[in-house]
Amino acid sequence: MVGVFYLVIIIHYLCSSINCAKDCPKTCTCLGDIVSCSQKNLKTIPLDIPKWTSQLNLNNNRVQAFNSETFRNLSQLTELKLNKNKIRVIPKDAFNNLKRLKIL
């Protein structure tokens, strides 16, 4: 019984330290601070991407546009993948708040 108690405590700790999937957008999968929404046939970028996200994969979708507010709350983002979408225009200030962004 003590073993089960410790297991529950460990799982609770791990979930709270890696931001368990409860905050993950329905159309995406999350592992720690990595959010993958690739190959979901998305036309728009989900609005509920957690602000703790450090890597966001939106590759292989049908996204055509986004605005300057889309990534505003994602200040922890270091990697943003938008390959193989149908993006035509990128607003000049779309990435202004992404000070940590290393890979686009």
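Those letters in the sequence shown? Residues -20 to -1, 1 to 84, per mature numbering (1 follows the signal peptide of the UniProt record, and there is no 0), in order.
Backbone N, C-alpha and C define an ideal beta-carbon position, used for all residues, glycine too.
The model shown is predicted, which means the values in this text are computed figures rather than measured ones.
Of the residues D3, T7, R68 and N21, the one whose Cα lies closest to the Cα of W32 is D3. Here the alpha carbons of Q35 and E49 stand approximately 18 angstroms from one another. In the three-state reduction of the DSSP assignment, K61 falls in the strand class, which pools E and B. Ranked by Cα distance from I14, the options P5, D73 and K79 are led by P5.
Taking all protein chains shown into account, N65 has 16 or more neighbouring C-beta atoms within 10 Å of its C-beta and is therefore buried.
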